[in-house]
Amino acid sequence: MRGFFIKIFTLLLFVSFLTKTYGQFQFRGRVILQNKEHGSVNYKMYKNSKFSDSTKTSANGAFMIKFELNNVYLIEFSKTGFTSKKIIVDTKVPEENNSEFYDRFSIIKLDITGKGDTRSLAGLPVVKYYYKVEISDFAEEKITGKTVTDKNVPNDRIKTLKNELLVYQAIIEQQKIELGKTNSQSPGNVVIEDANRKADSILAVARGSLP
Numbered sequence: 000m001r002g003f004f005i006k007i008f009t010l011l012l013f014v015s016f017l018t019k020t021y022g023q024f025q026f027r028g029r030v031i032l033q034n035k036e037h038g039s040v041n042y043k044m045y046k047n048s049k050f051s052d053s054t055k056t057s058a059n060g061a062f063m064i065k066f067e068l069n070n071v072y073l074i075e076f077s078k079t080g081f082t083s084k085k086i087i088v089d090t091k092v093p094e095e096n097n098s099e100f101y102d103r104f105s106i107i108k109l110d111i112t113g114k115g116d117t118r119s120l121a122g123l124p125v126v127k128y129y130y131k132v133e134i135s136d137f138a139e140e141k142i143t144g145k146t147v148t149d150k151n152v153p154n155d156r157i158k159t160l161k162n163e164l165l166v167y168q169a170i171i172e173q174q175k176i177e178l179g180k181t182n183s184q185s186p187g188n189v190v191i192e193d194a195n196r197k198a199d200s201i202l203a204v205a206r207g208s209l210p
C-alpha cells in the first residue's frame, strides 16, 4: 500500500511539473502606413542580439508576438517603399512575477522612404517597452538622442553596432539587478562588488557612446 501512495505522489509531482505556467508578454498591435494603403508588413525578431524569427503581419497590418520573459528583443518592421522602424522589448520582470501574463496593444506607423523621425532614418530603435515596477506592468519609453555617424565607417555597420550596444546595455542592466539581490544576501562579497564596479564602468561607456 505504501508503494502505491508513493507512485501516486510521484505522478502528481510529474503532472504539476508539466502544467507549470511560465510567464509571457503578449505584444499586439497594428502597423499603419503613411499613405494609408496597406498589405502585409515584414518583421524580424532578434532575441538577446541573435536572429530569432522573421514573418509578416496580416493583410491589414495586425500582428501578435508572444515574448518569453527575462530576455531582450529587437523587432524591425519593414516594407518596400517605407522607412523601417525598430523597437526594443525588454521582458525582464521581478523574480516573483515570472509566471505572470502581460498584454499590450500598440500602433506602429511606417513613413514613406526618406521621411520620418531621424532615428528611424538612421536605422536605430525608436521605442523601448519594459517592465515598470511603479505600475507593475509594461510601459513604453521613447528613445531620444541625436544620430551621429563616422564618415570612416560604413553607415550600415554603425547601425548594427549601435543596435547591439543598446541590447547589451539592457542585458548588463538586468545582470546588475541580479548582482544587487545576491549582494544583499551576502554583503561584503568582494567578487560581487568587483563585478558591480565593472558593470558600472561598462554602462558608463555605453551611455556615453550612444547618441
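Oh and the sequence shown: position 111 is 110 in numbering that gives the first Met the number 0, straight run, nothing missing.
Where is the CB? At the ideal position from N, CA and C, for every residue including glycine.
In its own chain, which residues sit with a C-beta less than 6 Å from the C-beta of residue i, not counting the 5 before and 5 after it?
| i | result |
| --- | --- |
| K108 | I31 |
| T56 | V30, S39, V40, F62 |
| I64 | F26 |
| G212 | Beyond the ends of the chain as shown, which are 0 and 210, falls residue 212; an answer cannot be given. |
| E95 | none |
Using alpha carbons as the reference points, say which of the options lies closest to residue i.
| i | options | result |
| --- | --- | --- |
| I170 | K46, N34, G28, Y42 | K46 |
| L68 | D110, V126, D102 | D102 |
| P124 | I111, N96, V88, K55 | V88 |
| A61 | G38, F100, D110, K85 | G38 |
| K211 | V132, S119, E133, I134 | Outside the modelled stretch of the chain, which goes from 0 to 210, sits residue 211, for which no answer is possible. |
| Q25 | F137, I176, T143, P93 | F137 |
| I106 | Y130, D52, G113, N59 | N59 |
| E133 | F100, P93, S83, E172 | P93 |
| F50 | Y21, T82, I74, I111 | I74 |
| K91 | G113, F66, I111, T82 | F66 |
| E99 | S135, Y42, K35, S83 | S135 |
| Y128 | S53, L165, I111, D110 | L165 |
| K43 | K35, S53, E36, N34 | S53 |
| K35 | E172, E139, K131, I111 | I111 |
Can you check DSSP and say which residues form a bridge with residue i?
| i | result |
| --- | --- |
| P93 | BP columns for P93 are empty, so no partner. |
| L73 | Y45, I87 |
| A138 | Y129 |
| E67 | Q23 |
| D102 | Q25 |
| I171 | Paired residue(s): none; I171 is not in a bridge. |
| V166 | Bridge partners of V166: none, in fact. |
| T54 | Y42 |
| A61 | R29 |
| L123 | Answer is none; L123 lacks a bridge partner. |
| I111 | F81 |
Please work out which residues of its chain come closer than 7 Å, Cβ to Cβ, to residue i, disregarding the five sequence neighbours upstream and downstream, and give them in chain order.
| i | result |
| --- | --- |
| D116 | V125 |
| K150 | Legend: pLDDT at K150 = 48, less than 50; position of this residue unreliable, value from coordinates given subsequently. So the list is empty, once near-sequence residues are dropped. |
| T18 | Unreliable positioning characterises T18 in this predicted model, as indicated by a pLDDT of 37, which lies under 50. The coordinate reading is nonetheless provided below. Closer than 7 Å at Cβ, skipping near neighbours: no residue. |
| F104 | R27, G28 |
| T143 | none |
Beta-carbon within less than 8 Å of residue i's beta-carbon, same chain only, minus the 5 sequence neighbours each way: which residues are those?
| i | result |
| --- | --- |
| N225 | Absent from the structure is residue 225, since the part of the chain shown begins at 0 and ends at 210. |
| K85 | L73, I74, E75, F76, S119, G122, L123, P124, V125, N162 |
| I176 | K91 |
| V152 | Low confidence applies here, because V152 scores a pLDDT of 47, under 50, leaving its location unreliable; read the following figure in that light. Nothing meets the Cβ criterion. |
| T82 | L109, D110, I111, T112, G113, K114, G115, S119, L120 |
| V71 | K46, N47, S48, I87, V88, D89, T90, K91, V166, A169, I170, Q173 |
| K131 | F137, A138 |
Does the beta carbon of residue i come closer than 7 Å to any beta carbon on chain D?
| i | result |
| --- | --- |
| K78 | The chain inventory of the structure shown lacks chain D, comprising one protein chain alone. |
Quick check: is any heavy atom of the ligand FAD less than 6 Å from the C-beta of residue i?
| i | result |
| --- | --- |
| N41 | By its list of ligands, the structure shown contains no ligand whatsoever, and the ligand FAD lies outside what it can speak to. |
Taking three-plus beta-carbon pairs below 8 Å as touching, is the segment 78-85 in contact with the segment 23-41? Counting Cβ pairs under 8 Å, three or more are found: they touch.
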